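K.L.:
Before anything else, here's the structure in question.
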Amino acid sequence: MSAPDDRSAAVAADGAVQGPLGFPDPGPPRFDSVADVRSRLAQAGYLTDDGMAGVVHLADRLAKPVLVEGPAGTGKTELAKSVARVTGSRLIRLQCYEGLDESKALYEWNYRKQLLRIQAQQVVDDDPVPASAGSRGGGRTWHELEEDIFSEEFLLTRPLLEAIRSREPVVLLIDEVDRVELETEALLLEVLSDYQVSIPELGTVRAERIPMVFLTSNNTRELSEALKRRCLYLHLDYPSLEREREIVLTRVPGVSEELADQVARIVRSLRTLELKKYPSVSETLDWARTLVVLGVESVDAEQAKATLHVLLKYRSDLERAAKELSTGEGDANRTVRPA
Amino acid sequence: MLDVLTGFVAELRAAGLPVSMTEAIDAAEAVHHIPLEDRQALKYALAATLVKSSAHWKAFETAFEVYFAVRGPRHGANGRDGLDDEAAGDLDRDDEGAGEGAGVGRGQGSGGGEPLSAEELAEMLFRALLSANNAQVAALARQAVTRYAGMEPGRPVGGTYYLYRTLRNLDLDGLLRRLLEAARQEAGGELTPLEERLATDEFRARLDRLRRELEDEIRRRLVADRGAEALARSLRKPLPEDVDFMHATREELTALRRAIHPLTRKLAVRLARKRRHGRKGALDFRSTVRHSLSTGGVPVDPKFRYPRPAKPEILVVADISGSVASFARFTLHLVYAIASQFSKVRSFVFIDGIDEVTRFFEGVDDVAEALHRINTEADVVWVDGHSDYGHAFSVFWERWGEEITPRTSVLLLGDARNNYHASQAWVLQEMRHRARHLYWLNPEPRAYWGTGDSILDEYGVHCDAVYECRNLRQLEQFVSELA
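The listed protein sequences correspond, in order, to chains U and W.
Take 1 as the starting number for the first sequence in this note's numbering and just add one per residue.
Take 340 as the starting number for the second sequence in this note's numbering and just add one per residue.
Right, here's the structure in full:
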């Protein structure tokens, strides 16, 4: 379990696969152990459980992207941000949306600048014939010009390419990857598995350092097998009672332990109801803050009802929760006994 | 280790999880990077590399617990650490009995010494649960299994029966009541409704924990008895999307109900996308000619009509008799949920009489309530409450047949088990003439169609298509085709 040995072994194996071209240097490991991940993230105010910390640790060691899936508001994006913060890396974020394409995700040629460059050439040459017309002598200059305008100077890097080319440590966050179309996912595959980007005019750009990559998904559609295969998978669900209480304690200034406990317990009860939308962790925090601002020391049913709209965003949910919280009995359908 | 791992991967595949070669390699590599003595770390490492969908987590967990079970019933001393002194002695003695023969006698720990009596066990369990002493709960769970499960070595079972026996003897509902009573006394008399509710949920969580401990313990003993592979085979359960509606357990049904929500959201997204990216409408001749005037009469820029999204009207006619009730409930769930996607959804239910139930869904936010009202208020019994498709269909045709238009898709749900009544198949023929589509969804396996009193063949010839619809996967597929 000693860190340096494992790392060198991994590099050697990868190097053999990649041949003389050389695999990008993953850099020194960012975390020593699972416990290290946990404690450092906790210092940054992000509480993990064993599963999460384990996956982050593995992602670092195996140099693999992490696909984080789960309901909205459970801290998927925050995980990537916190990892960036504790490792002192720059966070590069690619927000996915329907219609995202190569020119927004990978790179784009700066057409205006290229055009300007061509026009400038013409002025310098004082040549009335356009260079592209291929007049006498124009062939050579055109060739030079072409070399010139398809150089890095005219390349606009977009998040993926930027993450690959960065020399400093980088955490790449590809947010809500389920929003792009199935076909667009293919764009990501080269970056995710080989950490390289192929640009027809320039050749292949390899990663200087392997970035840590996090993909988040709200599970509005199934991601392709190809994408899933390349990633480690982490399902972030609503936290356990204990963890939620801890989260409330760390993230809400001025909250008493008793209040945090009550908040976490009420939220847990709410999540057992059949609601349209369950309260998320961020909403729990908002609620706890609201209670602190209102100067509530311990929540009773009336106060809970009066502030429930912070937690629940549908009228039917609100009514239902209010009704359920004021009746002592649990949901009649639920029982501890198996069928 | 590699042997265990390949066996494990094979088991996952056999359970239906799509595990690719590269993922298996990743798993093997991941194992290098974690301390092997840490079972939890191993579990998460394997999960992260092998399981790529949260729906498959349960199947993975079961397989993991079997393949990487802590061998033997006395899995470490940690279970006994938290015990009270006087209790530790008792438990110790009994643990020996459990250690020697994990199911030698019926219920009696047959080692040295007297095991705890039933009352003592119940009392200690009650106290452990009340004080949330997890270690002691685990130890007592072991006791309870020894005492009540009556395990017999070599029997090829999955352990559900043992669990059931143990739970029946422990009487969890009674425990819950006692715990609540204790909480009330602690609070000095009465709890406010909110406190009561929270206490209930807390104790439920603890009892759930106890149940999991019991399951684990039984599984551990079964692994010790029969070996991992054999046990894994009998524990294998269908993945959530493959669970058969008709034979789902209550737990599976709850899980399925929850799965319906994301399913409808996915469907909505997919439908919206399909509409947006669908082809353009037909050529708009008038507009093309008008615009060609600006180019001297040459139609340079052909104009197209805007596509009109097809918004099918749907009539759902569902059999809700006992034999297919759970299936029909599901479909109604789904129908209700996708109602926003279609301009008009009307639902009818029948047994031997038929009634429209659309009104129960309107303005109701809670599907469960709507379903309850359907079950209690809808007028679906005509003579004896046994399915009579023929009568139901002919009444349907009489009362609502006029309302079927060429834009209507009719979905018929049922197993077509008609109890040997007249089929009245002509109704379906008429329906098909008038409707856009006529589909039949049957929750029975294809092999059973047309056997016994099933007259699906008679009805089937008049339908556009007859689908087997036994699980979520098939249902999802059907709905996406429909849209």
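For glycine and all other residues, C-beta sits at the position ideal for the given N, C-alpha and C.
Note that the structure is a prediction, hence the values are computed from the model and not measured.
1. Quick one: which residues of the region 95-107 of chain U get their C-beta closer than 7 Å to a C-beta of chain W? List them in chain order.
2. Cutting at 7 Å between CB atoms, please list the residues of its own chain near Ala764 (chain W), excluding the five before and the five after it.
3. Suppose contacts are defined by Cβ-Cβ distances below 8 Å. Is Phe624 (chain W) in contact with Val656 (chain W) by that definition?
4. Kindly indicate which residue of U:Val296, U:Leu285 and U:Arg271 has the alpha-carbon position closest to the one of Arg320 (chain U).
5. Considering only the beta carbon of each residue, do Leu750 (chain W) and Ile653 (chain W) sit closer than 8 Å?
6. Is Arg536 (chain W) close to chain U? Criterion is C-beta to C-beta, closer than 8 Å.
7. Could you tell me the distance, in whole angstroms, from the CA atom of Thr216 (chain U) to the CA atom of Glu737 (chain W)?
8. DSSP three-state call for His586 (chain W): helix, strand or coil?
9. State yes or no: is the beta carbon of Ala42 (chain U) nearer than 8 Å to at least one beta carbon in chain B?
10. Helix, strand or coil for Phe687 (chain W) per DSSP?
11. Please return the same chain residues whose Cβ sits closer than 8 Å to the Cβ of Asp581 (chain W), not counting the five positions on each side in sequence.
12. So is Glu242 (chain U) in contact with chain W if we call contact Cβ pairs under 8 Å?
13. Determine which residues share a DSSP beta bridge with Val656 (chain W) and list them.
14. Quick one: which residues of the region 227-238 of chain U get their C-beta closer than 7 Å to a C-beta of chain W? List them in chain order.
15. With DSSP run on the structure shown, which of helix, strand or coil describes Gly635 (chain W)?
16. By the criterion of Cβ-Cβ separation under 7 Å, what are the contact partners of Glu362 (chain W) in chain U?
17. Straight-line CA distance for Ser198 (chain U) to Arg251 (chain U)?
18. First and last residue of the alpha helix (DSSP H) that includes Phe403 (chain W)?
19. Can you give the Cα-Cα distance for Gly203 (chain U) and Ile210 (chain U), rounded to whole angstroms?
20. Could you name the residues of chain W that Ala304 (chain U) contacts, counting a contact when the two beta carbons are closer than 9 Å?
21. With a threshold of 8 Å between beta-carbons, can Lys391 (chain W) be considered close to chain U, or not?
22. Looking at the C-beta of Ser359 (chain W), does it have a partner C-beta in chain U at a distance below 8 Å?
23. By the three-class DSSP mapping on this structure, what secondary structure does Gln763 (chain W) have?
24. Can you pull the DSSP bridge partners for Arg90 (chain U)?
25. Leaving out five residues on either side along the sequence, give the residues of the same chain with a beta carbon under 8 Å from the beta carbon of Arg117 (chain U).
26. Does the region 170-189 of chain U come close enough to the region 34-41 of chain U that 3 or more CB-CB pairs lie under 8 Å?
27. Compare the C-beta of Thr388 (chain W) against all C-beta atoms of chain U and say whether one is closer than 8 Å.
28. Chain W beta carbons: is any one of them nearer than 8 Å to that of Glu257 (chain U)?
29. For the alpha helix (DSSP H) holding Met490 (chain W), just list the boundary residues, first then last.
30. Counting only C-beta atoms, is His730 (chain W) closer than 8 Å to chain U at any point?
31. Under 8 Å between C-beta atoms, does Asp32 (chain U) make it to chain W?
32. For Leu202 (chain U), would you say it is in contact with chain W, using Cβ-to-Cβ distances shorter than 8 Å as the test?
33. For Tyr314 (chain U), which of helix, strand or coil comes out of DSSP?
34. Here's the rule I'm using: 16 or more other beta-carbon atoms within 10 Å means buried, otherwise exposed. How should Phe699 (chain W) be labelled?
35. Please tell me whether Leu537 (chain W) and Ile174 (chain U) are closer than 8 Å, where the distance is taken between their beta carbons.
36. Can you pull the chain W neighbours of Val55 (chain U), defined as C-beta to C-beta under 7 Å?
P.N.:
This is what the structure gives:
1. none
2. Counting from one through the second sequence, the residue named residue 764 (chain W) turns up at place 425. So the qualifying residues of the chain are Glu797, Tyr798 and His801.
3. For this step, residue 624 (chain W) is matched to residue 285 along the second sequence. For this step, residue 656 (chain W) is matched to residue 317 along the second sequence. Their beta carbons are not under 8 Å apart, which means Phe624 (chain W) does not touch Val656 (chain W) by this criterion.
4. Mapped onto the first sequence, residue 320 (chain U) falls at position 320. Ranking the options by Cα distance to Arg320 (chain U), first place goes to U:Arg271.
5. Residue mapping note: residue 750 (chain W) aligns to position 411 of the second sequence, counting from 1. Residue mapping note: residue 653 (chain W) aligns to position 314 of the second sequence, counting from 1. The answer is yes: Cβ separation under 8 Å.
6. For the purposes of this step, residue 536 (chain W) is identified with residue 197 of the second sequence, where counting begins at 1. With 8 Å as the cut-off, Arg536 (chain W) counts as an interface residue toward chain U.
7. Within the first sequence, numbered from 1, the residue matching residue 216 (chain U) stands at position 216. Within the second sequence, numbered from 1, the residue matching residue 737 (chain W) stands at position 398. The alpha-carbon atoms of Thr216 (chain U) and Glu737 (chain W) are separated by roughly 54 Å.
8. By one-based count along the second sequence, residue 586 (chain W) stands at place 247. Coil at His586 (chain W), not helix or strand.
9. Note that chain B does not occur in the displayed structure, where the protein chains are U and W.
10. Numbered from 1 along the second sequence, position 348 holds the residue referred to as residue 687 (chain W). Three-state DSSP puts Phe687 (chain W) in a strand.
11. As a working mapping, residue 581 (chain W) is identified with position 242 in the second sequence. Answer for Asp581 (chain W): Gly355, Asn810, Leu811 and Arg812, listed in chain order.
12. The count along the first sequence starts at 1 and reaches residue 242 (chain U) at position 242. No, Glu242 (chain U) lies away from the interface with chain W (no Cβ there is under 8 Å from its Cβ).
13. Counted from its first residue, the second sequence places residue 656 (chain W) at position 317. In the DSSP output, where bridge partners are listed per residue, Val656 (chain W) has W:Phe687 and W:Leu751.
14. Lys228, Arg229, Leu232, Tyr233, Leu234 and His235
15. The residue labelled residue 635 (chain W) in the question sits at position 296 within the second sequence. Three-state result, Gly635 (chain W): coil.
16. Counted from its first residue, the second sequence places residue 362 (chain W) at position 23. Neighbourhood of Glu362 (chain W) in chain U, by CB distance below 7 Å: Arg229, in chain order.
17. Numbered from its first residue, the first sequence carries residue 198 (chain U) at position 198. Numbered from its first residue, the first sequence carries residue 251 (chain U) at position 251. Cα to Cα, the separation comes out at about 43 Å.
18. Working through the second sequence from its first residue, we reach residue 403 (chain W) at position 64. Where Phe403 (chain W) is concerned, the enclosing alpha helix (DSSP H) stretches over Trp396 to Tyr406.
19. Position 203 of the first sequence, counted from the first residue, corresponds to residue 203 (chain U). Position 210 of the first sequence, counted from the first residue, corresponds to residue 210 (chain U). For Gly203 (chain U) and Ile210 (chain U), the distance between alpha carbons rounds to 19 Å.
20. Within the first sequence, the letter at position 304 stands for residue 304 (chain U). Ordered by position in chain W, the residues that pass the 9 Å Cβ test against Ala304 (chain U) are Leu533.
21. Along the second sequence, read from residue 1 onward, the residue named residue 391 (chain W) stands at position 52. Yes, contact with chain U.
22. Translated into the one-based positions of the second sequence, residue 359 (chain W) becomes position 20. At least one chain U Cβ lies under 8 Å of Ser359 (chain W).
23. Position 424 of the second sequence, counted from the first residue, corresponds to residue 763 (chain W). Three-state result, Gln763 (chain W): coil.
24. If you number the first sequence from 1, residue 90 (chain U) lands on position 90. According to DSSP, which records beta bridges pairwise, Arg90 (chain U) is partnered with U:Val170.
25. Translated into the one-based positions of the first sequence, residue 117 (chain U) becomes position 117. Spatial neighbours of Arg117 (chain U) in its own chain (CB-CB distance under 8 Å, excluding positions within 5 residues in sequence) are listed in chain order as Leu145, Asp148, Ile149 and Phe154.
26. No contact exists between the region 34-41 of chain U and the region 170-189 of chain U.
27. Against the second sequence, residue 388 (chain W) aligns to sequence position 49. Closer than 8 Å to some Cβ of chain U, the Cβ of Thr388 (chain W) qualifies, so yes.
28. Here the question's residue 257 (chain U) lines up with position 257 in the first sequence. Chain W, which has no Cβ nearer than 8 Å to the Cβ of Glu257 (chain U), makes this no.
29. The count along the second sequence starts at 1 and reaches residue 490 (chain W) at position 151. Segment: none, Met490 (chain W) is in no alpha helix (DSSP H) and carries neither H nor E.
30. Position 391 of the second sequence, counted from the start, is the residue given in the question as residue 730 (chain W). Judged by the 8 Å Cβ criterion, His730 (chain W) is not in contact with chain U.
31. One-based indexing of the first sequence puts residue 32 (chain U) at position 32. It does not; no Cβ of chain W falls within 8 Å.
32. Your numbering for residue 202 (chain U) matches position 202 in the first sequence. Not flagged as an interface residue toward chain W: Leu202 (chain U), since no C-beta distance is shorter than 8 Å.
33. Working through the first sequence from its first residue, we reach residue 314 (chain U) at position 314. Here Tyr314 (chain U) sits in coil by DSSP.
34. What you label residue 699 (chain W) is simply residue 360 of the second sequence in a count that begins at 1. The residue in question, Phe699 (chain W), is buried, as its Cβ has 16 or more Cβ neighbours within 10 Å.
35. Here the question's residue 537 (chain W) lines up with position 198 in the second sequence. Here the question's residue 174 (chain U) lines up with position 174 in the first sequence. In this structure, Ile174 (chain U) does not lie closer than 8 Å to Leu537 (chain W) by Cβ.
36. Within the first sequence, numbered from 1, the residue matching residue 55 (chain U) stands at position 55. Within 7 Å Cβ-Cβ: Tyr383 and Ala387.
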